[in-house]
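To start, the structure itself, in structure tokens.
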Amino acid sequence: MKSRNYKLHLGVFFMLFLFVFTVACKEDDDDDDVQIETMEETIVDIVVDTDDFSILEEALSKADLVTTLNGTGPFTVFAPTNDAFEALFTTLNITGIEDLSADDLTPILLYHVLGFEAISADLSNSYVESLSTYDPGDYSIQILVNVDSGVELNGATNVSSADALASNGVIHTIDQVLLPPTVVDIAIANSLFENLVAAVVKADLVDALIADGPFTVFAPTDEAFETLFTELGVSGIDDLSAEILSPILLAHVVSGNVRAADVSTGTVATLNQDFDLDIDTEGSGVVLNGSSNVIATDVQGKNGVVHVIDKVIVPSDEEEPQSIYDIVSANSDFTILMEFLISMDLDETLDSDGTFTVFAPTNDAFEILFSNLGINHFSDLSEGEGTQILLYHVLGSIEMSTDLNSGYVETLSLFPQTDFGIQLLIDTESGVLLNGSSNVTTPDVEASNGVIHIIDEGLVPPTVVDLGIANPSFTHVTAAIVRAGLEDDLRADGPFTVLAPTDTAFEELFTDLGVSGIDDIDADDLKNILLYHVVSGNIRSTDVTAGTVETLNADADLVVTIDGSDVIINDDTNIIAADVQGVNGVVHVINKVLIPD
Numbered sequence: 008m009k010s011r012n013y014k015l016h017l018g019v020f021f022m023l024f025l026f027v028f029t030v031a032c033k034e035d036d037d038d039d040d041v042q043i044e045t046m047e048e049t050i051v052d053i054v055v056d057t058d059d060f061s062i063l064e065e066a067l068s069k070a071d072l073v074t075t076l077n078g079t080g081p082f083t084v085f086a087p088t089n090d091a092f093e094a095l096f097t098t099l100n101i102t103g104i105e106d107l108s109a110d111d112l113t114p115i116l117l118y119h120v121l122g123f124e125a126i127s128a129d130l131s132n133s134y135v136e137s138l139s140t141y142d143p144g145d146y147s148i149q150i151l152v153n154v155d156s157g158v159e160l161n162g163a164t165n166v167s168s169a170d171a172l173a174s175n176g177v178i179h180t181i182d183q184v185l186l187p188p189t190v191v192d193i194a195i196a197n198s199l200f201e202n203l204v205a206a207v208v209k210a211d212l213v214d215a216l217i218a219d220g221p222f223t224v225f226a227p228t229d230e231a232f233e234t235l236f237t238e239l240g241v242s243g244i245d246d247l248s249a250e251i252l253s254p255i256l257l258a259h260v261v262s263g264n265v266r267a268a269d270v271s272t273g274t275v276a277t278l279n280q281d282f283d284l285d286i287d288t289e290g291s292g293v294v295l296n297g298s299s300n301v302i303a304t305d306v307q308g309k310n311g312v313v314h315v316i317d318k319v320i321v322p323s324d325e326e327e328p329q330s331i332y333d334i335v336s337a338n339s340d341f342t343i344l345m346e347f348l349i350s351m352d353l354d355e356t357l358d359s360d361g362t363f364t365v366f367a368p369t370n371d372a373f374e375i376l377f378s379n380l381g382i383n384h385f386s387d388l389s390e391g392e393g394t395q396i397l398l399y400h401v402l403g404s405i406e407m408s409t410d411l412n413s414g415y416v417e418t419l420s421l422f423p424q425t426d427f428g429i430q431l432l433i434d435t436e437s438g439v440l441l442n443g444s445s446n447v448t449t450p451d452v453e454a455s456n457g458v459i460h461i462i463d464e465g466l467v468p469p470t471v472v473d474l475g476i477a478n479p480s481f482t483h484v485t486a487a488i489v490r491a492g493l494e495d496d497l498r499a500d501g502p503f504t505v506l507a508p509t510d511t512a513f514e515e516l517f518t519d520l521g522v523s524g525i526d527d528i529d530a531d532d533l534k535n536i537l538l539y540h541v542v543s544g545n546i547r548s549t550d551v552t553a554g555t556v557e558t559l560n561a562d563a564d565l566v567v568t569i570d571g572s573d574v575i576i577n578d579d580t581n582i583i584a585a586d587v588q589g590v591n592g593v594v595h596v597i598n599k600v601l602i603p604d
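The sequence shown begins at 8 in our numbering and counts up one residue at a time.
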């Protein structure tokens with residue numbers, strides 16, 4: 008239906024025509040009626056009378072379509088200019104229409120014609136059926152129309168002049184010749200499929216999918232690919248190899264031109280020879296492999312048909328679940344992690360049937376770690392050091408991000424010659440923060456044998472000093488260690504057992520001493536106080552016994568009393584948290600600063 012503006016324009020035209028006709032013609036005194044001539048030019052007449060359509064006229068004649076477009080119609084013709092045809096000839100490396108047969112020209116020209124009249128105001132963002140058809144089946148090959156800014160066809164061709172009315176339809180002038188699209192061209196033209204197009208190119212499947220086919224393509228949207236990227240823990244197509252992408256893409260392609268009306272419940276072979284597609288039509292729509300919904304159908308091309316789906320189908324999800332090793336090895340952002348695992352003979356561990364949580368550093372995260380360690384590469388580490396670092400990123404259970412709580416967790420990195428897991432501090436107050444500095448940037452990448460959380464800074468098994476630095480409850484004891492010059496001593500091999508007073512305990516000491524903070528206490532005094540909190544050995548809570556205990560302050564011993572499950576130091580100090588294991592010792596948290604006599 009023509010718009011109101013169009014009707015107004017047409018009415019004004021007829022009024023002017025009537026005025027001119029009345030003035031120009033001889034009046035008949037006996038006849039007060041004025042006869043108005045109706046529009047006589049057909050679409051072909053307009054093409055013939057327009058110099059810029061001379062090549063189009065030649066093409067229509069050679070394809071024997073003049074009679075068709077002289078018919079009653081109605082038709083909508085997207086008419087390429089001579090310049091548009093010349094550009095096509097250059098693309099095809101030919102000199103002109105004479106180099107194309109009638110059989111070549113007919114489907115191209117009919118692809119410029121709609122079987123109804125559509126002025127520009129009638130067009131909307133959608134696919135429209137052309138008179139060019141896919142055979143067998145006589146299915147109309149479709150044109151993608153976009154009217155957000157002017158009228159654009161198939162993502163690249165613009166209507167430069169619209170609404171030339173004829174007696175049997177309307178002509179819109181366009182600046183490029185339209186070619187009936189392959190299934191690949193359909194995806195290229197539509198901005199919803201940028202990730203799909205990039206994947207097809209990277210997997211080197213373009214030539215295969217522009218062949219004769221026919222193909223039925225279940226095309227995932229960009230949003231569907233974004234969901235896949237999150238699941239795989241990658242940022243985009245660039246992070247997936249061609250070897251990973253090819254079987255995924257081929258799982259979305261079925262041989263034949265299968266229209267929506269022909270789809271039925273069952274299992275269908277795909278171009279991925281190792282994977283069949285499960286189709287369910289029993290509900291309100293069509294569902295593939297139990298989770299991917301068909302949301303648009305029957306976008307017909309010249310070598311097949313495209314149906315749009317809302318989830319990428321990953322064959323391995325159904326056939327062979329991916330292990331943590333599989334996911335890491337497929338992601339180009341984990342090349343350092345992969346090489347590191349292989350060099351330490353830990354790759355098979357993460358490909359096994361265990362239950363693991365892996366905090367996986369990206370390549371950039373490892374570069375930060377190497378810089379912090381003052382090395383260039385993991386090869387600068389000994390085998391023991393490297394193994395400890397890698398295992399410190401792994402928990403022996405599956406912990407989704409929602410399962411994690413603020414506190415310490417044991418890793419698979421062990422204190423030497425024991426089964427004591429070196430602990431990792433987790434803070435979930437805002438996202439997931441590890442040891443006070445490493446953030447989980449992408450959580451919950453599920454695998455067959457666990458889960459991956461991607462982190463932005465590599466982790467190192469902490470010394471007793473590092474345990475204090477990472478925990479915001481120990482800012483005063485950490486500052487005291489630095490001021491007393493004991494940082495290097497307590498980073499040594501040890502082992503040490505540290506009784507660590509909380510910040511609250513230090514605040515009480517400041518009040519007792521009448522000072523405002525650590526800086527007001529003499530460094531030598533601090534050193535004596537701190538050494539009084541350190542015992543030689545890695546003494547876990549289960550190994551504590553009552554009695555006198557020597558400290559690193561050679562002039563003062565601790566007195567330990569055990570009352571049931573409570574451990575009391577010097578009669579008035581309690582251990583309120585125990586067994587925070589580091590790489591060179593263990594930390595027990597106490598509620599009061601110990602002052603040597």
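Built from N, CA and C at the ideal position, the CB exists for glycine as well.
Output the distance between the C-alpha atoms of Asp496 and His483, rounded to the nearest integer angstrom.
-> Indexing the sequence shown from 1 puts residue 496 at position 489. Indexing the sequence shown from 1 puts residue 483 at position 476. Near 18 angstroms, if we compare the C-alpha coordinates of His483 and Asp496.
Which of the three DSSP states, helix, strand or coil, is assigned to Val321?
-> Residue 321 sits at position 314 when you count from the first residue of the sequence shown. In the structure shown, Val321 sits in coil (DSSP, three-state: anything other than H, G, I, E or B).
Boundaries of the alpha helix (DSSP H) in which Val551 is found, first to last residue = Walking along the sequence shown from the start, residue 551 turns up at place 544. Segment: none, Val551 is in no alpha helix (DSSP H) and carries neither H nor E.
Return the residue from the list Val596, Leu235 and Phe85 that minimises the CA-CA distance to Val166.
-> If you number the sequence shown from 1, residue 166 lands on position 159. Of Val596, Leu235 and Phe85, the smallest CA-CA separation from Val166 is found for Phe85.
Nearest to Ala553 by alpha carbon, out of Val213, Asp570, Ala561 and His540?
-> Here residue 553 refers to the residue found at position 546 of the sequence shown. Closest option to Ala553, Cα to Cα, is Asp570.
Tell me, please, which residues DSSP counts as bridged to Gln7.
-> Residue 7 is absent from the structure shown; the chain starts at 8 and stops at 604.
Counted within 10 angstroms of its Cβ, other Cβ atoms place Asp526 as buried (16 or more) or exposed | The residue given as residue 526 occupies position 519 in the sequence shown. So Asp526 counts as exposed.
DSSP state of Ser217 mapped onto helix, strand, coil | The residue you call residue 217 lines up with position 210 of the sequence shown. The sequence as given places Ile at residue 217; Ser does not occur at that position. Three-state DSSP puts Ile217 in coil, outside helix and strand.
May I have the straight-line CA-CA distance separating Val596 from Ser437, to the nearest angstrom?
-> Translated into positions along the sequence shown, residue 596 becomes position 589. Translated into positions along the sequence shown, residue 437 becomes position 430. The alpha-carbon atoms of Val596 and Ser437 are separated by roughly 24 angstroms.
Can you give the Cα-Cα distance for Val30 and Thr57, rounded to whole angstroms?
-> On the sequence shown, position 23 is the one that residue 30 refers to. On the sequence shown, position 50 is the one that residue 57 refers to. For Val30, the predicted model reports a pLDDT of 34, less than 50, meaning its position is unreliable and no value from the coordinates is stated.
Inspect the beta-carbon positions of His6 and Val447 and report whether they are closer than 8 angstroms.
-> Given that the chain is displayed from residue 8 to residue 604, the structure contains no residue 6 and the question cannot be resolved.
Cα-Cα, which of Asn591, Leu431 and Ser404 is closest to Phe363?
-> In the sequence shown, counting from the first residue as 1, residue 363 sits at position 356. That would be Ser404, whose Cα lies nearest to the Cα of Phe363.
With DSSP run on the structure shown, which of helix, strand or coil describes Glu93?
-> Reading the sequence shown from its first residue, position 86 is the one you call residue 93. The DSSP-derived three-state label of Glu93 is helix.
Below 8 angstroms CB to CB, which residues in the same chain sit around Ser253 once its five sequence neighbours on both sides are set aside?
-> Start at 1 with the first residue of the sequence shown, and residue 253 comes out as number 246. Contacts found: Ala210, Asp211 and Leu212.
Write down the C-beta distance between Val190 and Asn310 rounded to the nearest angstrom, noting that I regard them as a contact closer than 8 angstroms.
-> On the sequence shown, position 183 is the one that residue 190 refers to. On the sequence shown, position 303 is the one that residue 310 refers to. Rounded, the Cβ-Cβ distance is 6 angstroms, consistent with contact.
Local conformation of Glu34 per DSSP, three classes = For the purposes of this step, residue 34 is taken as the residue at position 27 of the sequence shown. Low local confidence applies: a pLDDT of 40 at Glu34 is under 50, so the model's placement there is unreliable, with the coordinate-based value given in what follows. Coil.
Put Gln149 into one of helix, strand or coil per three-state DSSP.
-> If you number the sequence shown from 1, residue 149 lands on position 142. The answer is strand: DSSP assigns Gln149 an E or B state.
Same chain, Cβ closer than 6 angstroms to Ala337, neighbours up to 5 away in sequence not counted = Taking the sequence shown and counting its residues from 1, one reaches residue 337 at position 330. Shown here for Ala337: same chain residues with a beta carbon closer than 6 angstroms to its own, the five before and five after excluded, namely Ile251 in chain order.
Since Tyr539 is in the alpha helix (DSSP H), which residue starts that stretch and which ends it?
-> Against the sequence shown, residue 539 aligns to sequence position 532. Here Tyr539 belongs to no alpha helix (DSSP H), and DSSP marks it neither H nor E.
To the nearest whole angstrom, what separates the beta carbons of Val416 and Leu431, a pair I think is in contact under 8 angstroms?
-> Working through the sequence shown from its first residue, we reach residue 416 at position 409. Working through the sequence shown from its first residue, we reach residue 431 at position 424. The Cβ separation is near 5 angstroms, so the contact holds.
For Phe373, which of Ile150, Asp354, Thr356 and Phe347 has the nearest alpha-carbon?
-> The residue labelled residue 373 in the question sits at position 366 within the sequence shown. It is Phe347.
Within 10 angstroms of the Cβ of Gly521, are there 16 or more other Cβ atoms? Answer buried if so, exposed if not.
-> As a working note, residue 521 is residue 514 in the sequence shown. Using a 10 angstroms sphere on the CB of Gly521, the tally of other CB atoms stays under 16, which defines it as exposed.
Starting from the Cα of Phe422, find the closest Cα among Tyr118, Ile195 and Val593 and give me that residue.
-> As a first step, residue 422 must be located in the sequence shown, where it is residue number 415. Minimum Cα-Cα distance from Phe422 among the listed residues Tyr118, Ile195 and Val593 corresponds to Val593.
Can you tell me the Cβ-Cβ gap for Ile459 and Ile334, rounded? I've got them flagged as a contact below 8 angstroms.
-> Counted from its first residue, the sequence shown places residue 459 at position 452. Counted from its first residue, the sequence shown places residue 334 at position 327. Going by Cβ atoms, the distance from Ile459 to Ile334 rounds to 6 angstroms, so yes, they are a contact pair.
Among Asp451, His384, Gly393 and Asp426, nearest to Leu411 - alpha-carbon criterion | Within the sequence shown, residue 411 is the residue found at index 404, counting from 1. Of the listed residues, the one whose Cα sits closest to Leu411 is Asp451.
Spatial neighbours of Thr3 in its chain, beta-carbon cut-off 8 angstroms, leaving aside the 5 residues before and after = With the chain covering only 8 through 604, there is no way to say anything about residue 3.
Out of curiosity, what's the CA-to-CA distance linking Asn591 and Val505?
-> Position 584 of the sequence shown, counted from the first residue, corresponds to residue 591. Position 498 of the sequence shown, counted from the first residue, corresponds to residue 505. Going by the C-alpha atoms only, they are around 11 angstroms apart.
For the alpha helix (DSSP H) holding His400, just list the boundary residues, first then last.
-> As a position in the sequence shown, residue 400 is number 393, starting the count at 1. The continuous stretches of alpha helix (DSSP H) do not include His400, and DSSP gives it neither H nor E.
C-alpha distance - Glu230 paired with Leu357, whole-angstrom precision | Position 223 of the sequence shown, counted from the start, is the residue given in the question as residue 230. Position 350 of the sequence shown, counted from the start, is the residue given in the question as residue 357. Taking the straight line from one Cα to the other gives about 30 angstroms.
Let me know if Pro227 comes out buried or exposed under the rule of 16 or more other beta-carbons within 10 Å of its beta-carbon.
-> As a first step, residue 227 must be located in the sequence shown, where it is residue number 220. So Pro227 counts as buried.
Output the distance between the C-alpha atoms of Gly292 and Ala268, rounded to the nearest integer angstrom.
-> Position 285 of the sequence shown holds residue 292. Position 261 of the sequence shown holds residue 268. Distance between Gly292 and Ala268, taken at the CA atoms: about 12 angstroms.
Beta-carbon proximity list for Leu419, same chain, < 6 angstroms, skipping 5 on both sides | To locate residue 419, count along the sequence shown from 1; it is residue 412. Excluding positions up to five away in sequence, the list reads Leu398, Val401 and Gly403.
On a CA-only basis, which of Asp129, Asn581, Ile50 and Val467 is nearest Ser378? Give me that one, please.
-> Counting from 1 along the sequence shown, the entry for residue 378 is found at position 371. If we check each option's Cα against that of Ser378, Val467 comes out closest.
Over what stretch of residues does the beta strand (DSSP E) that includes Gly592 continue unbroken?
-> Translated into the one-based positions of the sequence shown, residue 592 becomes position 585. From DSSP, the beta strand (DSSP E) with Gly592 extends over Gly592 to Ile597.
Identified DSSP bridge partners for Ile582 | Along the sequence shown, one-based indexing puts residue 582 at 575. Paired residue(s): Ile597.
Please determine if the segment 88-106 and the segment 51-67 are in contact, where contact requires at least 3 C-beta pairs separated by less than 8 angstroms.
-> Pairwise C-beta distances place the segment 88-106 in contact with the segment 51-67, as three or more of them are shorter than 8 angstroms.
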